[in-house]
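Engineer:
Protein chains in written order, with UniProt numbering: chain A, 1 to 369; chain B, 1 to 369.
(1) Assuming residue 364 of chain A is part of the alpha helix (DSSP H), what are its boundary residues?
(2) Report back the beta-carbon spacing between residue 285 of chain A and residue 174 of chain A to the nearest angstrom; my notes put them in contact at under 8 Å.
(3) Using only the alpha-carbon positions, how far apart do residue 59 of chain B and residue 164 of chain B sit?
(4) Just verifying my parser: in three-state terms, what is the DSSP assignment at residue 137 of chain A?
(5) Go ahead and pull the three-state DSSP assignment for residue 269 of chain A.
(6) Taking 8 Å as the cut-off, decide whether the C-beta atoms of residue 144 of chain A and residue 46 of chain A are in contact.
(7) Pick out whichever of B:154, B:70, B:214 has its Cα sitting closest to the Cα of residue 357 of chain B.
(8) Could you check whether the Cβ of residue 239 of chain B sits closer than 7 Å to any heavy atom belonging to the ligand SAH?
(9) Which bits of chain B does residue 18 of chain A rub up against, with CB to CB less than 7 Å?
(10) Starting from residue 113 of chain B, follow the beta strand (DSSP E) in both directions and report where the run begins and ends.
(11) Which residues of the segment 173-196 of chain A have a Cβ closer than 8 Å to any Cβ of chain B? Give them in chain order.
(12) Measuring straight from C-alpha to C-alpha, what distance separates residue 113 of chain A and residue 100 of chain A?
(13) Is DSSP giving residue 86 of chain B helix, strand or coil here?
(14) Just curious, the beta strand (DSSP E) that residue 4 of chain A is in, first and last residue?
(15) Since residue 180 of chain B and residue 254 of chain A should fall inside the 8 Å C-beta cutoff, what is the C-beta to C-beta distance between them, to a whole number of angstroms?
(16) Determine the contact status of residue 216 of chain A and residue 205 of chain A, defining contact as a CB-CB distance below 8 Å.
(17) Residue 305 of chain A bridges to which residues according to DSSP?
(18) Go ahead and label residue 118 of chain B buried or exposed: buried means 16 or more other beta carbons lie within 10 angstroms of its beta carbon, across all protein chains shown.
(19) Residue 236 of chain B touches chain A at which residues, Cβ-Cβ below 9 Å?
(20) Hey, out of B:271, B:221, B:240, whose CA is closest to residue 370 of chain B's CA?
(21) Relative to the C-alpha of residue 91 of chain A, which candidate in A:83, A:122, A:82 has its C-alpha closest?
(22) Which residues in chain B have a C-beta closer than 7 Å to the C-beta of residue 220 of chain A? List them in chain order.
(23) Tell me which residues share the same chain as residue 189 of chain B and place their Cβ nearer than 7 Å to its Cβ, disregarding the 5 neighbours each side in the sequence.
(24) Using beta-carbon positions only, say whether residue 166 of chain A and residue 302 of chain A come within less than 8 Å of one another.
(25) Is residue 177 of chain A buried or exposed, if buried means 16 or more other CB atoms sit within 10 Å of its CB?
(26) When you compare the segment 248-262 of chain A with the segment 219-238 of chain A, are there three or more beta-carbon pairs, one atom per stretch, that lie closer than 8 Å?
(27) Please classify residue 389 of chain B as buried or exposed, where buried requires at least 16 other C-beta atoms within 10 Å of its C-beta.
(28) Using 8 Å for Cβ pairs, my map puts residue 27 of chain B next to residue 88 of chain B. What's the rounded Cβ distance?
(29) Return the residues of the segment 263-294 of chain B that lie within a Cβ-Cβ distance of less than 8 Å from chain A, sorted by chain order.
(30) Hey, out of A:32, A:50, A:51, whose CA is closest to residue 42 of chain A's CA?
(31) Where DSSP assigns a beta bridge to residue 252 of chain A, which residues make up the other side?
(32) Who pairs with residue 46 of chain A in a beta bridge, going by DSSP?
(33) Quick check on residue 198 of chain B: buried or exposed, where buried means 16 or more other Cβ atoms within 10 Å of its Cβ?
(34) Please list, in chain order, all residues of the same chain as residue 115 of chain A whose beta carbon is under 6 Å from its beta carbon, the five residues on each side excluded.
(35) Any C-beta of chain A within less than 7 Å: which residues of the segment 248-262 of chain B qualify?
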């Protein structure tokens, strides 16, 4: 599989949903496979909150392959011998696209908290500029889970002529207060962390000291991305063999797991990017521009394929069923499919239980239902 | 209804589950109604994590009555014209019983982080000393929800001759990793809060500055004590009218609710008490002393009445069903009743949806099934 990582700089201002303007911006993106001559074999992949444009393949120095490597590759469900796959790092994220630590051209300093709040629609609009520059007018499909699923839904509504098929996994038409609450923990913990210094933190400090506030936010995320049953199965009540049961800070294995993953997170993800990306997810609402969800989904021309996961504790299956019901209600039942996967890994099932829905995706990509 | 608040001091050492010893201790408690002549009308009420011995009635200067005032009172389900009700503040809690800010007799200083880790069994054992001092040998019933339900279960196993009936609501036989994870957020946030000063905080600082770490822990608690449906119904996607949608720190109403409740919490609850009480809940395991749950529940002589709530996100109904199944498996099916209440308020349903189970309790207290 041919992998390329590239960056494009856009000098044309991007008018944001908020009314503010991003004077210029960069998008870093990765591609897998080869673009065919008539540019008709494109599949767009959209990443979730904490992940990057590195969706598949493995670089020489990498311990782990890209985050959807089980789905994307030669001979896999998203077959890179057939398709040319593009995954862009979202605006605001901390993996190389323009974000709060980028230089504000009007001040020549990092934006920090002066960075504008972005919406999912802004991320998608910027990515459309990228495809345009690459001469890509149409996509065979768009696929995304969680925040990537929000992008997929947004493409289907805002750019209805772009993709033939849109796959939205483990996502929602609008973020509900349950998911907002988990993000709130992180947002508050970051704001109150003295190392954060109201956004004026030193990046070296964070590499040296970590950022407990962001780690605590990550813990809240890990809880709602997994599930009670998974925790029971994986950790049960196992206790750290090094710790005393009656030590106040002695730890169950689940606590060690949360600590390990959470305290590493600030080394790879920036706290301002975390704040802006949480905010972007919180304000996501497919119905905003058209007043109602019905009006928004009435614009959809693609086939819309919805996949939910039975034990998703972030975006519950009912939230995806609601989209299916709306499509049926507005007379677009022929354009929508819905599958609930019986999962055991919570929200993250879309990343780790690919074997349960890959055939479904293959059949749909091949035009079977 | 006659209400009395009293404190008892115990000079006899309490040998703790951990092997450590609490040299002396105090318990503050409240009683409602009148103890009858043969002391046969006692009902013990056990409080959850963040509440106190003030379970019912309203003092002259109080805006709100005690936390289970809808259940306990003259003519109510726990009828104080018939019963003499006792509710003790648990050891370790911050409402007046011995806790980490009490004076350690061996050093004449506050314990702080030298306070021993307590188990639910220690709390219950100390309360038994209180009943003994009051000349109470038997209880008509014990009733508790959440951490109070853990105490109720512990009484039924450790002191099987004490109560005729035990009511455990919204609780579990052993704390699972899901609930431990929510507590973990608070424990980590408190530890990393610079105002906490590794347990050597100034109480005046906390009154003046709050303690964001404890507030963030409280937020995590509030999320798992409520439920996604309740959040949808109560807050939906309403946005604070004072805040901008595209302001990074602009807030949805759910966020304002969490902030309001969380940031007030450190004014009424001590962070060390919070840490010790979370730890006590985390290590709760009905099977510990007897190796298996079956052996533990084999000791039960009381009628055991289990009430779960359909949308409880802290202790899921399956956890209480498991206790019922164990009782049946060990041949004690006649001693157990189980009711799942169709609730809409999450874990906190045991506090706020009393009308859905009060008749059930009344009938059982009167010996009907």
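No residue lacks a Cβ here, since even glycine has one placed at the ideal position from N, Cα and C. Since we're looking at a predicted model, the values are computed, not measured.
Structural biologist: Taking the structure as given:
(1) Position 364 of the first chain, counted from the first residue, corresponds to residue 364 of chain A. Counting along the chain, the alpha helix (DSSP H) containing residue 364 of chain A begins and ends at 358-365.
(2) As a working note, residue 285 of chain A is residue 285 in the first chain. As a working note, residue 174 of chain A is residue 174 in the first chain. Right, the Cβ-Cβ distance comes to about 4 Å (below 8 Å), so this counts as a contact.
(3) Here residue 59 of chain B refers to the residue found at position 59 when the second chain is read from its first residue. Here residue 164 of chain B refers to the residue found at position 164 when the second chain is read from its first residue. Each residue's alpha carbon lies about 31 Å from the other.
(4) As a first step, residue 137 of chain A is located in the first chain; it is residue number 137 there, counting from the start. Residue 137 of chain A falls in the coil class under three-state DSSP.
(5) Taking the first chain and counting its residues from 1, the one referred to as residue 269 of chain A is at position 269. The answer is coil: DSSP assigns residue 269 of chain A none of H, G, I, E or B.
(6) In the first chain, counting from the first residue as 1, residue 144 of chain A sits at position 144. In the first chain, counting from the first residue as 1, residue 46 of chain A sits at position 46. Going by C-beta atoms, residue 144 of chain A is nearer than 8 Å to residue 46 of chain A.
(7) Position 357 of the second chain, counting from 1, holds the residue named residue 357 of chain B. Checked all of B:154, B:70, B:214; the closest Cα to residue 357 of chain B is B:70.
(8) Of the ligands one can find in the structure shown there are none, so the ligand SAH has no counterpart to examine.
(9) By one-based count along the first chain, residue 18 of chain A stands at place 18. By Cβ distance, chain B contributes 246.
(10) Locating residue 113 of chain B in the second chain gives position 113, counting from the first residue. Segment: none, residue 113 of chain B is in no beta strand (DSSP E) and carries neither H nor E.
(11) 174, 175, 176, 177, 178, 180, 181, 182, 184, 185, 187, 188, 189, 191, 192, 193, 194
(12) Against the first chain, residue 113 of chain A aligns to sequence position 113. Against the first chain, residue 100 of chain A aligns to sequence position 100. Whole-angstrom Cα-Cα distance: 7 Å.
(13) Within the second chain, numbered from 1, the residue matching residue 86 of chain B stands at position 86. In this structure, residue 86 of chain B counts as strand in the three-state DSSP scheme.
(14) Translated into the one-based positions of the first chain, residue 4 of chain A becomes position 4. Residue 4 of chain A -> beta strand (DSSP E) spans 3-10.
(15) Along the second chain, read from residue 1 onward, the residue named residue 180 of chain B stands at position 180. Along the first chain, read from residue 1 onward, the residue named residue 254 of chain A stands at position 254. Contact holds; Cβ gap of about 6 Å.
(16) Start at 1 with the first residue of the first chain, and residue 216 of chain A comes out as number 216. Start at 1 with the first residue of the first chain, and residue 205 of chain A comes out as number 205. No.
(17) By one-based count along the first chain, residue 305 of chain A stands at place 305. Partner(s): A:167, A:337.
(18) Position 118 of the second chain holds residue 118 of chain B. It counts as buried.
(19) On the second chain, position 236 is the one that residue 236 of chain B refers to. Per Cβ cutoff of 9 Å: 176, 177.
(20) Residue 370 of chain B is absent from the structure shown; chain B starts at 1 and stops at 369.
(21) Indexing the first chain from 1 puts residue 91 of chain A at position 91. The residue with the shortest Cα to Cα distance from residue 91 of chain A is A:122.
(22) Within the first chain, residue 220 of chain A is the residue found at index 220, counting from 1. The answer, in chain order, is 185, 220.
(23) As a position in the second chain, residue 189 of chain B is number 189, starting the count at 1. 213, 216, 217.
(24) Your numbering for residue 166 of chain A matches position 166 in the first chain. Your numbering for residue 302 of chain A matches position 302 in the first chain. Yes, Cβ-Cβ distance for residue 166 of chain A and residue 302 of chain A is below 8 Å.
(25) As a first step, residue 177 of chain A must be located in the first chain, where it is residue number 177. Buried: at least 16 other Cβ atoms inside 10 Å.
(26) yes
(27) No information on residue 389 of chain B is available, as it lies outside the stretch 1 to 369 that chain B covers here.
(28) Numbered from 1 along the second chain, position 27 holds the residue referred to as residue 27 of chain B. Numbered from 1 along the second chain, position 88 holds the residue referred to as residue 88 of chain B. That belief holds up - the Cβ atoms of residue 27 of chain B and residue 88 of chain B are roughly 5 Å apart, short of 8 Å.
(29) 275, 276, 279, 282, 283, 285
(30) The residue labelled residue 42 of chain A in the question sits at position 42 within the first chain. For the residues A:32, A:50, A:51, the minimum Cα distance to residue 42 of chain A belongs to A:32.
(31) As a working note, residue 252 of chain A is residue 252 in the first chain. A:239.
(32) For the purposes of this step, residue 46 of chain A is taken as residue 46 along the first chain, with counting starting at 1. In the DSSP output, where bridge partners are listed per residue, residue 46 of chain A has A:144.
(33) In the second chain, the residue the question calls residue 198 of chain B occupies position 198. Under this definition residue 198 of chain B is an exposed residue.
(34) Walking along the first chain from the start, residue 115 of chain A turns up at place 115. Only 100 meet the Cβ criterion.
(35) 248, 252, 254, 255, 258
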